[in-house]
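Here the structure comes first, spelled out in structure tokens, and everything after it is commentary.
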Amino acid sequence: MKYEAVIGLEVHVQLSTNTKIFCPCSTRYSGNEPNTSVCEVCSGQPGVLPVLNAEVLKRAVKTGLALNCSIAKRTKFDRKNYFYPDLPKGYQVSQFDMPICEKGYIVVNDGLAEGKKDKKIGITRIHMEEDAGKNVHGADGKSSFVDYNRAGVPLLEIVSEPDIRTSSEAKEYLEKLKTILKYIDVSDCNMEDGSLRCDANVSVRPAGETKLGTKVEIKNMNSFRGVQKAIDYEIERQIKVCESGSKITQETRLYDEAKAVTLTMRKKEEAFDYRYFPEPDLPPYDIAQKDIDAIRSTLPELPDAKFSRYLDEMQLSAYDASLLAGNPSLAAFFDRCAAGYKNYKAITNWLLGDISKKMNELGIDDIFDARIRPEHLLEMLALIDNGTISGKIAKTVIDEIFASGEKPAKIIEKLGLVQISDDSFILNIINEVVAENPKSISDYISGKEAAVGFLVGQIMKKTRGKANPRIVNEMLITELAKLKNA
Amino acid sequence: MISKEEITKIAGLAMLELSETEKTEYSSQLSSLLGYFKDIQSLDLAGVEPTNHALVADNVLREDTAAPSLGQKTVVAGAPATDGKSYRVPAIIETEEQP
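Going down the list, the sequences are from chains Z and B.
Quick note: the first sequence uses the numbering used here, first residue 1, plus one each step.
Quick note: the second sequence uses the numbering used here, first residue 1001, plus one each step.
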């Protein structure tokens, strides 16, 4: 029988605010000792009162707008009750029936370059909540140690509709979500650091069936690749269970990255009875339309709009446009270059070619962490256009910009890279090369055109790449023609 | 009437250990509490907005400015068990070992 998977994703993102959601403890505790960014409120001492961080509400609204959601006119917090050592109060302050955002969507179009069609993945809701602390398991196996530095860090939980059908679609959804969140600068979105976490609800059903199968929740995936592999494993596991005639158990499973399997999570009886009730310590919030409008006006151009602009107005290929639009820093760099230089394809080629290659070599993720600036690239492109340097020499210039951060003109002067366009100089070299390669000359005369390429290579070698290749070509052909007709 | 089974379940969720006598006692006490809600439910509340909050103060917010925390020593001073840096709790084991 053929089966179809139905997948929904729950994504938690940590908001990169200065302070926690309900208290002024700093969120910049990374690398610090445990329990150093903790106060009475986030450790859940009796008698304390939480106060909502205005920035959290603002970023929640901003995220909702960027994800095409409707924003609640009135929103409130609720307590989600369960016991776990990393939860100091015995409840998590979250949102239940009046979340800040509802009914949005993300367009997945990562395969556009390959001719795939857009697909809308619905977003059911986005709500604000507090993060829990962190458990570190003791070496003796008898104890665990709890650090509450993370307790109270603001989270957005973004819940998708079960619109996803394959693991690669899930990955595309996550990548797009991450890109959008980075564009609007609400979160660092780093899965390895845990500032973006993803749980997947997976079920299978016979192809064509409209009723949903029993869903299994998978947790503990630490990378987009991990999400993809965990979903693939789980789909296969569930199909096997179905084909053996057994029933899927509704449960939570943990992904084991090392073994690439999902394992049943120790079942906690009635663990899912969270007994939500309104949080009495936090008043409800009314969101005014003028505030929503003000936040909307701060939204930057988002990846879908950027993609279309690159494609339609700048005539980039779909592949190039999606690479640029999918990387907020690269897109910003490109936009700044494009404001001062009209050969967009040339900018793109350098950015996605040599510059990206150099960044990979140096392990730089964000182009703005490198020493190259849009002004460097613009100056270099101008020097290529006016014949001062060749494209080949420009590669050396790029290397040197990354190393020293100096301006291209200065680098060219310092390293003596100016392109040689002096005819008499080039003619001398041509004569040398012709004299040294009688075999190639006779090959050429007997009709082997390929010999020209070899000779050009020799000339470029002698001038250490500094001769203007266009002039070399023209002059060499003239000289060879003279020899042939002699 | 709230049954003893329901009391046992609620006590379990609250991590409370109750004796049989206590279960019987709370069963009748909680039942009479719920009786009050029955009275309220008999009222005609058509057109009345649900109240989910007793406070009238809306939109209380704080600026995103950091203030000093308590310090590690003070934080773990209240822990029932500690290694001086973290709260120590019985080992947490999350998965069964069979795939």
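Glycine residues also receive a C-beta, built at the ideal position from the N, C-alpha and C atoms.
On a predicted model such as this, the values are computed, not experimentally measured, just so you know.
Going by DSSP, what residues sit across from residue i in a beta bridge?
| i | result |
| --- | --- |
| Y1087(B) | V146(Z) and T1082(B) |
| L1061(B) | L52(Z) |
| H127(Z) | E157(Z) |
| S203(Z) | V6(Z) |
| P278(Z) | D78(Z) |
| E262(Z) | A small correction: the amino acid at residue 262(Z) is Thr; Glu does not occupy that position in the sequence shown. The partner list for T262(Z) (beta bridge, DSSP) reads Y255(Z). |
| K120(Z) | V107(Z) |
| C242(Z) | Bridge partners of C242(Z): none, in fact. |
| Y91(Z) | N81(Z) |
| R28(Z) | Beta-bridge pairing links R28(Z) to no other residue. |
| C198(Z) | V11(Z) and M221(Z) |
Tell whether a beta-carbon distance below 9 Å holds between residue i and residue j.
| i | j | result |
| --- | --- | --- |
| G213(Z) | D163(Z) | no |
| C101(Z) | G64(Z) | yes |
| I1002(B) | S1031(B) | yes |
| T249(Z) | I7(Z) | no |
| E55(Z) | V93(Z) | no |
| Y173(Z) | C42(Z) | no |
| T17(Z) | P154(Z) | yes |
| A1091(B) | G104(Z) | no |
| K215(Z) | Y255(Z) | no |
| Q419(Z) | A481(Z) | no |
| M380(Z) | I364(Z) | no |
| V204(Z) | E10(Z) | no |
| L323(Z) | K306(Z) | no |
| L427(Z) | M460(Z) | no |
| I180(Z) | V202(Z) | no |
| P206(Z) | K2(Z) | yes |
| H127(Z) | E157(Z) | yes |
Quick one: what does DSSP say residue i is sitting in, helix, strand or coil?
| i | result |
| --- | --- |
| P283(Z) | coil |
| A409(Z) | helix |
| D185(Z) | coil |
| F83(Z) | coil |
| C39(Z) | coil |
| N135(Z) | strand |
| M221(Z) | strand |
| S329(Z) | helix |
| C23(Z) | coil |
| V1048(B) | coil |
| G256(Z) | Note on residue identity: the sequence assigns Asp, not Gly, to residue 256(Z). D256(Z) falls in the strand class under three-state DSSP. |
| I1092(B) | coil |
| E270(Z) | Confidence is the limiting factor: at E270(Z) the pLDDT is only 48, short of 50, which leaves the residue's position unreliable and the question unanswerable from this model. |
| E102(Z) | strand |
| C69(Z) | coil |
| L324(Z) | helix |
| I164(Z) | strand |
| Q1041(B) | helix |
| L494(Z) | Look at the range of chain Z in this structure, 1 to 486, and you will see that residue 494(Z) is not part of it. |
| R458(Z) | Residue 458(Z) is actually Gln in this sequence, not Arg. DSSP places Q458(Z) in helix when its eight states are reduced to three. |
| A451(Z) | helix |
| L212(Z) | coil |
| A1067(B) | coil |
| R59(Z) | helix |
| L1055(B) | coil |
| A530(Z) | In this structure chain Z extends from 1 to 486, so residue 530(Z) is not present and cannot be described. |
| Q228(Z) | helix |
| E1022(B) | helix |
| Q250(Z) | coil |
| K342(Z) | coil |
| D312(Z) | helix |
| D97(Z) | coil |
Are the C-beta of residue i and some C-beta of chain A separated by less than 9 Å?
| i | result |
| --- | --- |
| L1018(B) | In the structure shown, chain A does not exist; the protein chains are Z and B. |
Could you run through the region 152 to 164 of chain Z and flag, in chain order, every residue whose CB is less than 9 Å away from some CB of chain B?
-> none
Enumerated in chain order, which unbroken segments of the alpha helix (DSSP H) with a length of 4 residues or greater are wholly contained in the region 353 to 438 of chain Z?
-> 356 to 362, 374 to 385, 391 to 404, 408 to 415 and 423 to 436
Taking any Cβ of chain B, which residues in the region 11 to 27 of chain Z have a Cβ under 7 Å from it, in chain order?
-> T17, N18, T19, P24, C25 and S26
Any residues in the region 43 to 55 of chain Z with a beta carbon nearer than 9 Å to a beta carbon of chain B? Which ones, in chain order?
-> S43, Q45, V51, L52, N53, A54 and E55
With 9 Å as the C-beta to C-beta threshold (strictly closer), list the residues of the region 1079 to 1092 of chain B near chain Z in chain order.
-> A1079, A1081, T1082, D1083, K1085, S1086, Y1087, R1088, V1089, P1090, A1091 and I1092
If contact means a Cβ-Cβ distance below 7 Å, which residues of the region 205 to 224 of chain Z contact chain B?
-> none
In chain order, what residues of the region 1060 to 1072 of chain B put their CB closer than 9 Å to some CB of chain Z?
-> V1060, L1061, R1062, E1063, D1064, T1065, A1066, A1067, P1068, S1069, L1070, G1071 and Q1072
May I ask you to list, following chain order, the residues of the region 63 to 89 of chain Z that have a beta carbon less than 7 Å from some beta carbon of chain B?
-> K76, F83 and P85
Selection of the region 335 to 357 of chain Z by Cβ proximity to chain B, strictly under 8 Å = none
Near-chain B residues of the region 223 to 242 of chain Z (beta-carbon distance less than 7 Å), N- to C-terminal order = none
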